[in-house]
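Start counting the sequence shown at 28; every next residue gets the next number (our numbering).
We treat Cβ as the ideally placed atom computed from N, Cα and C, and that holds for glycine.
Everything numeric in this text was worked out from a predicted model, so none of it was measured.
Report on one structure; see the data block that follows.
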Amino acid sequence: MDPATAAVMILLSCSPNAPLVCKPINMPPAVYSSLGECLTSLKSRLASAPRGEIVGRCRRIDATVTGSLPNSYSTVVVTRGIGSNGVSSTYIVPHGK
């Protein structure tokens with residue numbers, strides 16, 4: 028998996044009396060291994076909120092830069108080739124407990 032395909036979900040709480048007033052929900056952003064996984068979870072999360080009191084979005088992130096990985100994932104560096112001809116790539120992979 029390419030680290031840049033990781034995604035983060037950010038949720039905002041909006042006042043039902045003033046729909047233009049939204050504030051971040053007091054919790055850390057949820058990080059997902061892919062944008063698709065994030066969007067599926069976002070759809071489910073927003074469906075449980077009454078009358079649009081919660082809004083959110085998913086954004087792609089590079090988890091190797093942010094260091095934000097879900098608990099069940101690790102970063103693995105794979106090098107192909109030998110010496111100066113070697114090319115390294117970083118991947119996000121699931122791991123068991």
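- Query: Should GLY110 be labelled buried (16 or more other beta-carbon atoms within 10 Å of its own) or exposed?
  - Reply: exposed
- Query: Got a sec, what are the start and stop residues for the alpha helix (DSSP H) GLY113 sits in?
  - Reply: Taken as a continuous stretch (DSSP letters only), GLY113 belongs to no alpha helix (DSSP H), as it is neither H nor E.
- Item | Pick from GLY83, THR67, TYR59 that is closest to ASN89, judged by C-alpha positions | Per the sequence presented here, residue 89 reads as Asp, with Asn not at that position. Ranking the options by Cα distance to ASP89, first place goes to TYR59.
- Query: From CYS49, SER42, CYS65, ASN53, pick the residue whose C-alpha is nearest to that of VAL35; which is it?
  - Reply: CYS65
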